[in-house]
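A.B. asks:
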Amino acid sequence: MTETRIDRRFAALAAEGRAGLITFVTAGDPDLDTSARILAELPAAGADIIELGMPFTDPMADGPVIQAGNQRALAAGTTLPKILDMVRRFREQDGETPIVLMGYYNPIHKYRVPRFLADAKAAGVDGLIVVDLPPEEDGELCEPALAAGLNFIRLATPTTDDRRLPAVLRNTSGFVYYVSVAGITGTKSATAEATRDAVARLKRHTTLPVGVGFGIKTAEQAAAVARHADAAVVGSALVGLLGGAGTADERADRLLGLVRELSRAVKEARR
Amino acid sequence: MTEIVNSFRTGPDERGHFGIFGGRYVAETLMPLILEVEKAYAAAKADPEFQREFDYYARHYIGRPSPLYFAERLTAHFARNGKGPKLYFKRDELNHTGSHKINNCLGQALLARRMGKPRIIAETGAGQHGVAVATVCALFNLPCTVYMGAVDVARQAPNVFRMKLLGAEVRPVTSGSSTLKDAMNEALRDWVANVEDTYYIIGTVAGPHPYPAMVRDFQSVIGNEARAQMLEAEGRLPDSLVACIGGGSNAMGLFHPFLDDREVAIYGVEAAGLGIETGKHAASLTGGEPGVLHGNRTYLLQDEDGQIIEAHSISAGLDYPGIGPEHAWLKETGRVTYVSATDDEALEAFQLCARLEGIIPALEPAHALAHVIRMAPTLPDGHIVLMNMCGRGDKDVFSVAERLGVTL
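Quick look at the structure:
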């Protein structure tokens, strides 16, 4: 595969000697216009990589906070074409910040894989995380995505033992997303020691950058992860703010405020 | 799209595919556990002791074999000039707990015990599967949590209470649309968070491999018995099989042992709700299209953006927007004919069966009977129809009374 924006971003972070901040928001949450504004302002607020959720009616791996975000986005009329359009408009302003689409397989399956890959690539998407496509089903999307020049980022989990890890890593590119707890998003948090050991274990198996997510809610937790991992992923803590009180813009402001706070913590973690 | 198939009974392949359907579309956290279940089930299946255990409880606890019953008065009802088709019921509604669900729960609870998993979870819609799970968990002293959509908790109060009496914890699910599919999502979320000690008893022939094949195997006791019973009663195989389909476990259990008997016509009856054309139905094969949900590729009710649509049926047990992947494959190969029956047709059949046979059927098999009623006038004399009476209707008397405008 040729170098992608994700590869370049991690190389730049390594050169700076710091970890990155990966932020997750659901496209269309709380509505399409506010979501586009959030997307546009995330890089300046400190997001090094943006994970953009594709809402689904049945987000099986997500906790209540992100489930609610999915429902808000769907109620606001979010569809895959509108998400790709949002990415296209973002790319007109920002040619550098990587965008990873994250979601479940059925909406992609319905859109048709070849069409999805062509349209996503053309819109400026850099990578995909599809929760319900394990390596056993690589022929579905992973292999075609790699052929289309999109990174396919796999999740490794506490239940992925050393015997299984090579299969999980085989077609992974861009980075490895380590799910630090066995569970759904936004619930339990791993200890700093457990995360450190897990990252060390992954590093024995791969030269890819390792991003760690699930249960990272505060600047302190993000900083703790950023000391060992190549990136900290924060999702539920941000999405939760979009479900709070106030106007859509006020909620978006709070989200961007937390991103700035997380970004400072991540940048200072290794100093 | 019709494939050339030598046998319809060899699936799935080693990766859990029936043609293009089935598979293992789950989050990585669950994959190692799914592989463990697959391995444990393969070992159990090859172990005569496991089969012996299953047979023991099937006989002494469930009450198997269930009778094959010649439905004399319905047959007379269908007769033209004293002749016509003959109708038989496979009486799985006589099982302990009142439906076929217990067959599968027994098998999976025995497997969980073999695997040393001390905690059971399950999803339920109408509550029949939940009650069956709670029952086997009481029997084997396994703590059990049943996820049930909040909407279903409200409309199936007697089954909720039964589960509690049996010692199960019932957790109402308020996410999504608060029905069966959301209960399944919530059970999967629980499983992801409790992989070490928990076993998930899926209630139908859906979910990631090996569940569709495993649940089918446990339910095949229905078809295996019925095949032998029919040979004894009539000296030959039936001409037609009919069963209702939600997820499709009772149908798969009846059909599978007959799939390679090409002379036997097979009909699966989905719930057409208010009518396929209204969009308010649960007929995934008739009114849906292929997609991926709950761990497998199969026919789904979905909109143009691939979002899952709520199913609708008077029968809560058929109210699921997907269907077992093996049924999707049997549709595409043409081996099984899939049809549908509306709420109204099922209600008619429900009442007719009660009056003529003294059997109050569950609303689910009432859909199967509705199709039998529809096909009977077209069938030649002596044509033998075998229908799976997969559940009894005690649980449905309240909702039927309401539909008929009767206040209890």
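Residue numbers (our numbering), protein chains in the order written: chain L, 766 to 1036; chain X, 48 to 455. All C-beta atoms, glycine included, are put in the ideal place defined by N, C-alpha and C.
If you follow the alpha helix (DSSP H) that M231 of chain X is part of, which residue opens it and which one closes it?
C.D. replies: L227 to A240
A.B. asks: Rounded to whole angstroms, what's the CA-CA distance from G353 of chain X to V964 of chain L? Just pull it up for me.
C.D. replies: If you take the alpha carbons of G353 of chain X and V964 of chain L, they lie about 35 Å apart.
A.B. asks: So G458 of chain X and F265 of chain X are in contact, right, with Cβ under 8 Å, and what is the actual spacing, rounded?
C.D. replies: Because chain X is modelled from 48 through 455, residue 458 of chain X falls outside the range shown and cannot be assessed.
A.B. asks: Residues of chain X with CB closer than 7 Å to the CB of A947 of chain L, please, in chain order.
C.D. replies: Ordered by position in chain X, the residues that pass the 7 Å Cβ test against A947 of chain L are T76, V239, A240 and V242.
A.B. asks: Apart from the five residues on each side of it in sequence, which residues of its chain come closer than 7 Å, Cβ to Cβ, to R853 of chain L?
C.D. replies: A888 and G889
A.B. asks: Taking 8 Å as the threshold (beta carbon to beta carbon), is N232 of chain X in contact with chain L?
C.D. replies: Chain L, which has a Cβ nearer than 8 Å to the Cβ of N232 of chain X, makes this yes.
A.B. asks: Please go through the same chain and pick out, in chain order, the residues whose beta-carbon is closer than 6 Å to the beta-carbon of N150 of chain X, but skip the five residues on each side of it.
C.D. replies: Non-local beta-carbon contacts of N150 of chain X in its own chain, meaning distances under 6 Å to residues more than five positions away in sequence, involve F265, Q266 and V268 in chain order.
A.B. asks: Any chance the stretch 92-105 of chain X sits against the stretch 936-947 of chain L, with 3 or more Cβ pairs inside 8 Å?
C.D. replies: no
A.B. asks: With DSSP collapsed to three states, give me the class of V933 of chain L.
C.D. replies: helix
A.B. asks: Got a sec, what are the start and stop residues for the beta strand (DSSP E) L1003 of chain L sits in?
C.D. replies: Counting along the chain, L1003 of chain L falls outside any beta strand (DSSP E), though it belongs to the alpha helix (DSSP H) covering S1001 to L1007.
A.B. asks: From the beta carbon of Y943 of chain L, is the nearest beta carbon of chain X less than 8 Å away?
C.D. replies: Chain X contact via Cβ: absent.
A.B. asks: Give every residue of the same chain whose Cβ lies closer than 6 Å to the Cβ of K953 of chain L, excluding the five residues on either side of it in the sequence, and list them in chain order.
C.D. replies: V946 and G980
A.B. asks: Do we get a CB-CB distance below 8 Å when we pair Q832 of chain L with the residues of chain X?
C.D. replies: When Cβ-Cβ separations below 8 Å define contact, Q832 of chain L makes contact with chain X.
A.B. asks: How close, in whole Å, do the beta carbons of G294 of chain X and A253 of chain X come, if the pair is a contact with beta carbons under 8 Å?
C.D. replies: 5 Å
A.B. asks: Check whether chain X comes within 8 Å of R837 of chain L, counting only Cβ atoms and requiring the distance to be less than that.
C.D. replies: no
A.B. asks: Please confirm whether Y72 of chain X has its beta-carbon closer than 8 Å to some beta-carbon of chain L.
C.D. replies: Yes, Y72 of chain X lies at the interface with chain L (some Cβ there is under 8 Å from its Cβ).
A.B. asks: Helix, strand or coil: which one does DSSP assign to G58 of chain X?
C.D. replies: Look at G58 of chain X here: in three-state DSSP terms it is coil, with no helix or strand label.
A.B. asks: State the CB to CB distance for the pair A388 of chain X and L332 of chain X, rounded to an integer number of angstroms; the pair is presumed to be in contact (CB under 8 Å).
C.D. replies: Between A388 of chain X and L332 of chain X, the beta carbon gap of about 13 Å keeps them out of contact (Cβ cut-off 8 Å).
A.B. asks: Candidates X:G440, X:L403 and X:P337: which alpha carbon is nearest I67 of chain X's?
C.D. replies: X:P337
A.B. asks: Look at the alpha carbon of Y321 of chain X and the alpha carbon of A812 of chain L, and state the distance between them as a whole number of angstroms.
C.D. replies: A small fix is needed here, since residue 321 of chain X is Leu in this sequence, not Tyr. Between L321 of chain X and A812 of chain L, the C-alpha separation is close to 50 Å.
A.B. asks: Under 8 Å by Cβ, that's how I've got V999 of chain L and F789 of chain L pegged, so tell me the actual separation to the nearest angstrom.
C.D. replies: 7 Å
A.B. asks: Given the structure, does L186 of chain X come close to the ligand GDP, in the sense that its CB is under 7 Å from one of the ligand's heavy atoms?
C.D. replies: As presented, the structure is devoid of all ligands, the ligand GDP included, so that no description of it is given.
A.B. asks: If I measure Cβ to Cβ from A991 of chain L and keep anything under 6 Å in the same chain, skipping five residues before and after, which residues do I get?
C.D. replies: A784, A997, V1031 and A1034
A.B. asks: Tell me which residues share the same chain as M48 of chain X and place their Cβ nearer than 6 Å to its Cβ, disregarding the 5 neighbours each side in the sequence.
C.D. replies: Reliability of the predicted coordinates at M48 of chain X is poor, the pLDDT of 49 falling under 50, and the value obtained from them is presented with this limitation in mind. If we look at M48 of chain X and ignore the five residues flanking it on each side, its Cβ neighbours are E379.
A.B. asks: Less than 8 Å between CB atoms is the rule here; does D926 of chain L satisfy it with respect to chain X?
C.D. replies: yes
A.B. asks: Mind listing which residues of the stretch 146-169 of chain X have their C-beta closer than 8 Å to chain L's C-betas, in chain order?
C.D. replies: none
A.B. asks: In this structure, what does DSSP give as the bridge partners for P408 of chain X?
C.D. replies: DSSP, once it has assigned bridges, lists X:R439 as partnering P408 of chain X.
A.B. asks: Got a sec? Which residues, its chain only, sit under 6 Å from D308 of chain X by beta carbon, not counting five neighbours each side?
C.D. replies: L284
A.B. asks: Could you check how far apart the C-beta atoms of I167 of chain X and V178 of chain X are, in whole angstroms? I think they sit under 8 Å.
C.D. replies: Not really, about 13 Å apart at Cβ, beyond 8 Å.
A.B. asks: Per DSSP, F136 of chain X is paired with what?
C.D. replies: Beta-bridge pairing links F136 of chain X to X:Y116 and X:M434.
A.B. asks: Any Cβ of chain L within less than 8 Å of the Cβ of L332 of chain X?
C.D. replies: No, L332 of chain X does not count as interfacial toward chain L.
A.B. asks: Would you mind sorting R62 of chain X into buried or exposed? The rule is 16 or more other CB atoms within 10 Å of its CB.
C.D. replies: Residue environment for R62 of chain X: exposed (fewer than 16 other C-beta atoms within 10 angstroms of its C-beta).
A.B. asks: Which residues share a DSSP beta bridge with M851 of chain L?
C.D. replies: M851 of chain L is not bridged to any residue.
A.B. asks: So which residues of chain X does F821 of chain L contact, with C-beta pairs closer than 9 Å?
C.D. replies: The answer, in chain order, is G353, Q354 and I355.
A.B. asks: Just to make sure I have the definition right: I need the residues of chain L whose C-beta is within less than 7 Å of the C-beta of K228 of chain X. Which are they?
C.D. replies: In chain order: D823.
A.B. asks: Taking 8 Å as the limit between beta carbons, can you name the residues of its chain near W456 of chain X, skipping five residues before and five after?
C.D. replies: As displayed, chain X neither begins before 48 nor continues past 455, which places residue 456 of chain X out of reach and without an answer.
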